[in-house]
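Trainee: I'd like to ask you about the structure that follows.
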Amino acid sequence: MANQEQIIEAIKEMSVLELNDLVKAIEEEFGVTAAAPVAAAGAAGGGDAEAEQTEFNVELTSAGSSKIKVVKAVKEATGLGLKDAKGLVDDAPKVIKEGLAKEDAEELKATLEEAGATVEIK
Numbered sequence: 054m055a056n057q058e059q060i061i062e063a064i065k066e067m068s069v070l071e072l073n074d075l076v077k078a079i080e081e082e083f084g085v086t087a088a089a090p091v092a093a094a095g096a097a098g099g100g101d102a103e104a105e106q107t108e109f110n111v112e113l114t115s116a117g118s119s120k121i122k123v124v125k126a127v128k129e130a131t132g133l134g135l136k137d138a139k140g141l142v143d144d145a146p147k148v149i150k151e152g153l154a155k156e157d158a159e160e161l162k163a164t165l166e167e168a169g170a171t172v173e174i175k
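Just so it is clear: in the sequence shown, position 19 is 72 by this note's numbering, and no numbers are missing.
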């Protein structure tokens, strides 16, 4: 019988298609699934148990009267080119950045508001 190191070496040499077939065969042989477990939804009315939001999206709702300053601020914050930043500002309301930490989202909001934009953190 093969030891653990031999099995690992054999797996390293397999292609993605071969690995997929192996996973399916293991699932069938042992009656298990390789799918990630899904967390069960909490009971209704459990507002206190609600997890605190850790990732935030910064949405530009309006460029205001200083559109040029807002375009420059968006360009700097996102790393986009001037044309893309202008398009983003023109299409407001639009999400500028996603998945930010609260501090980073607040900082970006302050920067954009300083340029004259109306911004929301969601």
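Virtual Cβ for every residue (Gly too), placed ideally from N, Cα, C.
Going by CA-CA distance only, name the one from Glu112, Lys136, Ser118 and Asp137 that's closest to lysine 162.
Mentor: Locating residue 162 in the sequence shown gives position 109, counting from the first residue. With distances taken between Cα atoms, lysine 162 lies closest to Glu112.
Trainee: Per DSSP, leucine 153 forms a beta bridge with which residues?
Mentor: Within the sequence shown, residue 153 is the residue found at index 100, counting from 1. DSSP, once it has assigned bridges, lists Phe109 as partnering leucine 153.
Trainee: Note the first and the last residue of the continuous alpha helix (DSSP H) segment covering valine 85.
Mentor: Taking the first residue of the sequence shown as position 1, residue 85 is located at position 32. It is not in any alpha helix (DSSP H) - valine 85 carries neither H nor E in the DSSP assignment.
Trainee: Output the boundary residues of the beta strand (DSSP E) element that contains glutamate 173.
Mentor: The residue labelled residue 173 in the question sits at position 120 within the sequence shown. First-last of the beta strand (DSSP E) with glutamate 173: 171 to 174.
Trainee: According to DSSP, is isoleucine 60 helix, strand or coil?
Mentor: The count along the sequence shown starts at 1 and reaches residue 60 at position 7. Helix.
Trainee: On a Cα-Cα basis, can you pick out the residue from Gln106, Ile61 and Lys136 that is closest to glutamate 179?
Mentor: Outside the modelled stretch of the chain, which goes from 54 to 175, sits residue 179, for which no answer is possible.
Trainee: From leucine 153 to isoleucine 174, what does the alpha carbon distance come to, in whole angstroms?
Mentor: The count along the sequence shown starts at 1 and reaches residue 153 at position 100. The count along the sequence shown starts at 1 and reaches residue 174 at position 121. C-alpha separation (whole angstroms): 10 Å.
Trainee: For glutamate 108, which residues of its own chain have a beta-carbon under 8 Å away from its beta-carbon, when the five flanking residues on both sides are left out?
Mentor: On the sequence shown, position 55 is the one that residue 108 refers to. Closer than 8 Å at Cβ, skipping near neighbours: Glu151, Gly152, Leu153 and Ala154.
Trainee: Buried or exposed: leucine 75, going by 16 or more other Cβ atoms within 10 Å of its Cβ?
Mentor: Start at 1 with the first residue of the sequence shown, and residue 75 comes out as number 22. Exposed: under 16 other Cβ atoms inside 10 Å.
Trainee: Can you tell me the Cα-Cα spacing of leucine 135 and glutamine 59, whole angstroms?
Mentor: Taking the first residue of the sequence shown as 1, we reach residue 135 at position 82. Taking the first residue of the sequence shown as 1, we reach residue 59 at position 6. Each residue's alpha carbon lies about 55 Å from the other.
Trainee: State the Cα-Cα distance for the pair aspartate 144 and threonine 86, rounded to the nearest angstrom.
Mentor: Within the sequence shown, residue 144 is the residue found at index 91, counting from 1. Within the sequence shown, residue 86 is the residue found at index 33, counting from 1. Roughly 44 Å between the two C-alpha positions.
Trainee: Starting from the Cα of glutamate 166, find the closest Cα among Lys77, Ala126, Met67 and Lys147 and give me that residue.
Mentor: Translated into positions along the sequence shown, residue 166 becomes position 113. The shortest Cα separation from glutamate 166 among Lys77, Ala126, Met67 and Lys147 belongs to Ala126.
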